[in-house]
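> Numbering (this note's numbering), first residue to last: 381 to 721. Quick reminder that beta carbons are idealized off the backbone N, C-alpha and C, glycines included. Treat the numbers as computed from the prediction; the structure is a model and nothing was measured.
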Amino acid sequence: MLTSERETEYSEHMERKVESRTEKAKDKKEAQESDNLYVATFDMEVVLPTPFDLTSQTYYKRKLSTYNLSVFSLADKKAACYVWNGSEGQRGSNEVGTCLYKHILSLPQSVQHVILYSDTCTGQNRNQFITAALHHAVQNIPNIQTIDQKFLESGHSQMECDSMHVCIERSRRGVRIHQPDQWITVIQCARDSDPYTVVTLEHDAFYDFKELARNTMRNTKHDINNRRVNWLKLKWIRVTKADTDTVYFNYRMKDQFSQIKIKGTSRRGRPQVGTTSLSLLYTSQLPIPNAKKADLTDLCRSGVIPSRHHEFYSKLPSSSTVRDCLAEVDVTEENDETDDD
């Protein structure tokens, strides 16, 4: 039986679910009626392994990961996939921020207001580094005046972009994938009418938004009333061209915005400003673990991976110091609690 406290938590949870769904439906309708507004959902697909083969020879072998960030426009149902493999990048907030930044750059000149919906994954979507990417976009893309990032309620984050992943899953049935580039064909064939746009990314395409956040967002912990900002619970983040020093946010979509003055102030009360230029995240391909390279080489040697793909795998850099795991999430808010205020 629920206690009164748990009943209150559950009631508020359900209210937030309704609020976020109502907000998304409203934004979708407005985007369908205006060329100035672009509304989309985005999410990372589950990892796409290479080689992708249902034979027992590959089952216990380590595979090269391919990542796909999918963006779905609510107004016209156009969709884009940003794709890269594990030797070109990881799947953290820098990579997600880069995809979003490039996607906003690709929008028509008529778009002035961008609204992005996602789930509440802190490591990839809801953190200061994505905010830094969106802030940089609104300040540097001439036609963009406002960018909103809105988060659906945890446990109720079904989105239109999820349908893309269902279609890709269907498209890959019965298909053997021997090299990451072949996933592009699978994705392009996933929807018959108006196929998904696929953008392939290499290591030199990714930006370091963590460094940008350190340089341009000196304050992310306290709002203008000196209240602690809980990034883990934010439901709406807004950045605008008109307010270069301000990030707007709230914890409920029905609430008024609070404000963070991101430049901060020095001890003399002067705004602190760092460099606003973008730096590349990687200068070369990322090494994969030696054990993974050995498994892939073994699959080449045994003929499971056809000979025409062997050169690709032989050129993959590897290292004994690389951990054989997915990229760790960037839950910086937990670290913030230990910092000195």
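Alpha carbons only, please: which of Leu592, Thr580 and Lys615 is nearest the one belonging to Gly466?
As a position in the sequence shown, residue 466 is number 86, starting the count at 1. Per the Cα distances, Thr580.
> Our contact map puts Ser699 next to Pro667 with C-beta atoms below 8 angstroms; I'd like the distance itself, whole angstroms only.
Against the sequence shown, residue 699 aligns to sequence position 319. Against the sequence shown, residue 667 aligns to sequence position 287. So it is a contact: roughly 4 angstroms between Cβ atoms.
> DSSP on Cys569, reduced to helix/strand/coil?
As a working mapping, residue 569 is identified with position 189 in the sequence shown. Correct three-state label for Cys569: coil.
> Rounded to whole angstroms, what's the CA-CA distance from Val451 to His393? Just pull it up for me.
Here the question's residue 451 lines up with position 71 in the sequence shown. Here the question's residue 393 lines up with position 13 in the sequence shown. If I take the Cα positions, the gap works out to 26 angstroms.
> Measure the C-alpha to C-alpha separation of Gln412 and Leu592 and round it to an integer number of angstroms.
Stepping through the sequence shown from its first residue, residue 412 is reached at position 32. Stepping through the sequence shown from its first residue, residue 592 is reached at position 212. Spanning the two alpha carbons is a distance of roughly 34 angstroms.
> Determine, using beta-carbon pairs with one atom in the region 430-450 and one in the region 518-535, whether at least three such pairs fall under 8 angstroms.
Counting Cβ pairs under 8 angstroms, fewer than three are found: no touch.
> Do the region 554-569 and the region 457-475 make contact, defined as three or more Cβ pairs closer than 8 angstroms?
Verdict: yes, contact present.
> Which of the three DSSP states, helix, strand or coil, is assigned to His493?
Working through the sequence shown from its first residue, we reach residue 493 at position 113. Strand at His493.
> For Arg556, which residues in the same chain have their Cβ closer than 6 angstroms to its Cβ, ignoring the five residues on either side in sequence?
Looking up residue 556 in the sequence shown gives position 176. Within the same chain, Arg556 has close Cβ partners Asp433.
> Would you mind giving the Cβ-Cβ distance between Val419 and Leu454, rounded to the nearest angstrom? I have them listed as a contact below 8 angstroms.
As a first step, residue 419 must be located in the sequence shown, where it is residue number 39. As a first step, residue 454 must be located in the sequence shown, where it is residue number 74. About 5 angstroms separates the two Cβ atoms, so the contact holds.
> Report the three-state DSSP secondary structure of Leu679 (helix, strand or coil).
To locate residue 679, count along the sequence shown from 1; it is residue 299. Correct three-state label for Leu679: helix.
> Look at His689 and Gln562 and say whether their C-beta atoms are less than 7 angstroms apart.
Residue numbering aside, residue 689 sits at position 309 when the sequence shown is read from its first letter. Residue numbering aside, residue 562 sits at position 182 when the sequence shown is read from its first letter. In this structure, Gln562 does not lie closer than 7 angstroms to His689 by Cβ.
> Spatial neighbours of Val427 within its chain, please: CB distance less than 6 angstroms, with the 5 preceding and 5 following residues excluded, ordered by chain position.
In the sequence shown, counting from the first residue as 1, residue 427 sits at position 47. Closer than 6 angstroms at Cβ, skipping near neighbours: Ser445.
> Closest by CA to Cys547, which one among Pro575, Glu691, Val518 and Asn523?
As a working mapping, residue 547 is identified with position 167 in the sequence shown. Measuring from the Cα of Cys547, the nearest candidate turns out to be Pro575.
> Assign Ile495 to buried or exposed, taking buried as 16 or more other Cβ atoms, counted over all protein chains shown, within 10 Å of its Cβ.
Stepping through the sequence shown from its first residue, residue 495 is reached at position 115. Its Cβ being crowded by 16 or more others within 10 Å, Ile495 is buried.
> What whole-angstrom Cβ distance do Gln636 and Thr626 have, given they're in contact under 8 angstroms?
Residue numbering aside, residue 636 sits at position 256 when the sequence shown is read from its first letter. Residue numbering aside, residue 626 sits at position 246 when the sequence shown is read from its first letter. Actually they do not touch by this definition, with Cβ atoms about 14 angstroms apart.
> Work out the CA separation of Val684 and Phe586 for me, nearest whole Å.
The residue you call residue 586 lines up with position 206 of the sequence shown. The residue you call residue 684 lines up with position 304 of the sequence shown. Looking at the two C-alpha atoms, the distance is approximately 32 angstroms.
> What does the alpha-carbon distance come out to for the pair Ile617 and Ser659?
Position 237 of the sequence shown, counted from the start, is the residue given in the question as residue 617. Position 279 of the sequence shown, counted from the start, is the residue given in the question as residue 659. Each residue's alpha carbon lies about 24 angstroms from the other.
> Which of the three DSSP states, helix, strand or coil, is assigned to Ala593?
Locating residue 593 in the sequence shown gives position 213, where the first residue counts as 1. If DSSP states are grouped into helix, strand and coil, Ala593 belongs with the helices.
> Where are the alpha helix (DSSP H) runs, 4 residues long or more, that stay fully inside the region 452-488, in chain order?
Counting only runs of 4 or more, we get 473-485.
> Kindly indicate the opening and closing residues of the alpha helix (DSSP H) around Lys408.
As a working note, residue 408 is residue 28 in the sequence shown. Run containing Lys408: Ser384 to Glu413, per the alpha helix (DSSP H) assignment.
> Let's see if you can read the secondary structure: which residues bound the beta strand (DSSP E) around Ile617?
On the sequence shown, residue 617 is found 237 positions in, with the first residue counted as 1. Trp616 to Thr620 is the extent of the beta strand (DSSP E) around Ile617.
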